[in-house]
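Per our numbering, the very first residue in the sequence shown carries number 682; after that it's consecutive.
Quick notes on the structure that follows.
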Amino acid sequence: MRQMIIIGSGPAGYTAAIYAARAELQPLVIASAVEVGGELMNTTEVENFPGFPEGIMGPELMERMQAQAERFQAEIVYDDVASVDLTGQVKKVTLNDGSVHEALSVVVATGSAYRKLGLPDEDRLSGYGVSWCATCDGAFFRKQEIAVVGGGDSALEEANFLTRFADKVYVIHRRDSLRASKIMQTRSFANEKIEFVWNSEIAGIHGETQVESVTLRDTETGEERPLGITGLFIAIGNDPRTHLFHGQLDLTEEGTIAVKGRTSITNIPGVFAAGDVIDPTYRQAVTAAASGTVAALDAEHYLASLPEELLAPATGHVDSGSAPVAGSTVDQEGELVGEH
Ligand code: NAP
682 MRQMIIIGSG
692 PAGYTAAIYA
702 ARAELQPLVI
712 ASAVEVGGEL
722 MNTTEVENFP
732 GFPEGIMGPE
742 LMERMQAQAE
752 RFQAEIVYDD
762 VASVDLTGQV
772 KKVTLNDGSV
782 HEALSVVVAT
792 GSAYRKLGLP
802 DEDRLSGYGV
812 SWCATCDGAF
822 FRKQEIAVVG
832 GGDSALEEAN
842 FLTRFADKVY
852 VIHRRDSLRA
862 SKIMQTRSFA
872 NEKIEFVWNS
882 EIAGIHGETQ
892 VESVTLRDTE
902 TGEERPLGIT
912 GLFIAIGNDP
922 RTHLFHGQLD
932 LTEEGTIAVK
942 GRTSITNIPG
952 VFAAGDVIDP
962 TYRQAVTAAA
972 SGTVAALDAE
982 HYLASLPEEL
992 LAPATGHVDS
1002 GSAPVAGSTV
1012 DQEGELVGEH
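Given below as C-alpha cells:
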C-alpha cells in the first residue's frame, strides 16, 4: 500500500507528484498508456509557461516535469486506469493490465479531452495547422488565413484572439445562429477580420505536411466547396475526463469534479482533484500546475491527520515527527488551518 496515487500525467498530475515526492511520500503516478503528458503533448511551442522566455515545446516541458518528479522518487506507471474504488479508507486503483494498487490518498488529475471532429486527417495534422488551443498556437499564424470551427463562446473567443495574428479568421458553424453569448456575438460581428460561414461543417482537412485547405459541406444542401486556409482551430467544446469516477465523486453542473471552494477536496475523504478535471474556465498549463500543488498539499495534510497504525504499512510513510507537512492550508472540510 502507498500513501498516494496520482491519476494523470499532465501539468496537474506531475506538479502534484513533484510536491508529494519532495515530501517523501513516494507517490505512484498512473501516467496512461497512450496519453502520457496530457494535452501539452499535442501542442507545439509553449510560449506562456513562466520560466521559458524563448518558449519550450509542449512535449519537452512535460518530459522535464516528469524528470523533476522522478528526481524525488515519484514512480511512474505507463498504463490506463480500468476502475477505481475510492469509498474505503484504503483506495483501490485497478489498471488495464489487471494490477491493483492501493493507497491512502488519491489525486485525480485526469484532465479534459477536447472534442474532435472525427475526421481522418485531424490527428495527422494536429500540431501542423490543426489546433485546439488559440492561446497556445495563434502566434504561429501571423498574416495568414485561418478558420475556427464552432459556434459557442470558446469558438468566438478564439476567433477574436486569433485576429491579433491572422489577416482573416473564418468562423465555420453548422447552424445559422450562434450558441455563444450576445456580448461575444456582438464583438465578433464587429470584428472586420472575422467572416462567418453559416450552415457549414468540415467534410475534410487537406495538406501533406501542413494544413492547406478544408472541404466545407453545406448542412442544408449537402453541397461541398474548398476553402484555402493554413490553420484550423477546433472549438466545439470539451469534456472533463470523469467517467472512471461516476457514482463515486460528485460532479458540478458543468460536468467537472466538484471540490470545496478553492481546495482540491472532493466529497470522499482522501480523494483530491486537480487541473482541467475541476476547471471549466481557465484550462491553462500554469493554472493546472498550480492546482496540482494545491492537491498535493491538501493530500499531505490529510495523510498527516490519519492514525499512525493506518499510515505505518504505507510506502512513503515517514515516522510522525520527521515528515514535514509543507505549507498545508486546509483540512478535509475545506477550512483554512495554516499559513499560506
Ligand atoms: P459549447 O457552448 O458547448 O459550444 C460548442 C459549439 O460547438 C456549439 O456551437 C456547437 O454547435 C458546436 N459543435 C459541437 N459539436 C460539433 C461538431 N461535431 N461539429 C461542429 N460543431 C460542433 O462549448 P464552448 O464554446 O467550449 O463553451 C463551453 C462553456 O464554457 C459554455 O458554457 C460557455 O458559455 C463557456 N465559455 C465562456 C466563455 C466566456 O464567458 N468568455 C468562454 C469560453 C467558454 P451547436 O450550437 O449547433 O450545438
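Just so you know, even glycine gets a beta-carbon here, dropped at the ideal spot from N, CA and C.
Treat the numbers as computed from the prediction; the structure is a model and nothing was measured.
Item, Value
"What are the boundary residues of the alpha helix (DSSP H) that ILE959 is part of?", "Premise fails: ILE959 is in no alpha helix (DSSP H) and is neither H nor E."
"Between which two residues does the beta strand (DSSP E) holding ILE686 run?", "683-688"
"Can you list every residue whose CB sits closer than 5 Å to some heavy atom of ligand 1, going in chain order?", "GLY831, GLY832, GLY833, ASP834, SER835, GLU838, ARG855, ARG856, ARG860, ILE917, GLY918"
"Assuming ALA871 contacts VAL852 under a Cβ cut-off of 8 Å, what Cβ separation, rounded to an integer in Å, is found between them?", "Rounded, the Cβ-Cβ distance is 13 Å, inconsistent with contact."
"With DSSP run on the structure shown, which of helix, strand or coil describes HIS982?", "helix"
"Closer than 8 Å by C-beta to GLU876: which residues in its own chain qualify, once you throw out the five before and the five after it? Chain order, please.", "LYS849, VAL850, TYR851, VAL852"
"Given ARG703, which residues of its chain have a CB within under 6 Å of its CB, disregarding the five upstream and five downstream residues?", "PHE753"
"Please determine, among PHE846, ARG855, CYS817, ALA861, the residue with the shortest C-alpha to C-alpha distance to LEU837.", "ALA861"
"Going by other Cβ atoms of all chains shown within 10 Å of its Cβ, with 16 needed for buried, is TYR700 buried or exposed?", "buried"
"Using DSSP with H/G/I as helix, E/B as strand and the rest coil, what is ALA701?", "helix"
"Of the residues LEU859, GLU728, VAL765, GLU904, which one's Cα is nearest the Cα of GLY819?", "GLU728"
"So LYS772 is in the beta strand (DSSP E); what residue range does that whole segment cover?", "772-776"
"So, are the CB atoms of GLY973 and ALA697 less than 8 Å apart?", "yes"
"With a threshold of 6 Å on Cβ separation, who are the neighbours of GLY885 within its own chain once the five nearest residues in sequence on each side are excluded?", "THR896"
"Tell me whether GLU744 sits in a helix, a strand or coil according to DSSP, three-state version.", "helix"
"Take every Cβ of the stretch 800-812, pair it with every Cβ of the stretch 912-919, and state whether three or more of those distances are shorter than 8 Å.", "yes"
"Please classify ILE938: is it buried, with 16 or more other beta-carbons within 10 angstroms of its beta-carbon, or exposed?", "buried"
"Cα-Cα, which of PHE846, PHE842, LEU806, ILE864 is closest to ARG823?", "PHE846"
"Comparing alpha-carbon positions, which option in SER858, THR768, PRO961, ALA763 lies nearest GLY951?", "THR768"
"My understanding is that ILE686 touches LYS772, with C-beta atoms under 8 Å, so please give their C-beta distance in whole angstroms.", "7 Å"
"Got a sec, what are the start and stop residues for the beta strand (DSSP E) LEU785 sits in?", "781-789"
"Which runs of the beta strand (DSSP E) fall wholly inside the stretch 860-895 and span at least 3 residues, in chain order?", "875-878, 881-887"
"Cβ atoms of GLY918 and GLY792: under 8 Å apart, would you say?", "no"
"Can you tell me whether THR896 sits near ligand 3, meaning its C-beta is under 7 Å from at least one heavy atom of the ligand?", "You won't find ligand 3 in this model; what it holds is ligand 1."
"What number of angstroms, rounded off, separates the C-alpha of VAL967 from the C-alpha of GLU904?", "43 Å"
"Would you mind reading off the limits of the alpha helix (DSSP H) that contains ALA836?", "834-843"
"Here's a check: name, in chain order, each residue in its chain whose Cβ is nearer than 8 Å to the Cβ of GLU873, leaving out the five neighbours to either side.", "none"
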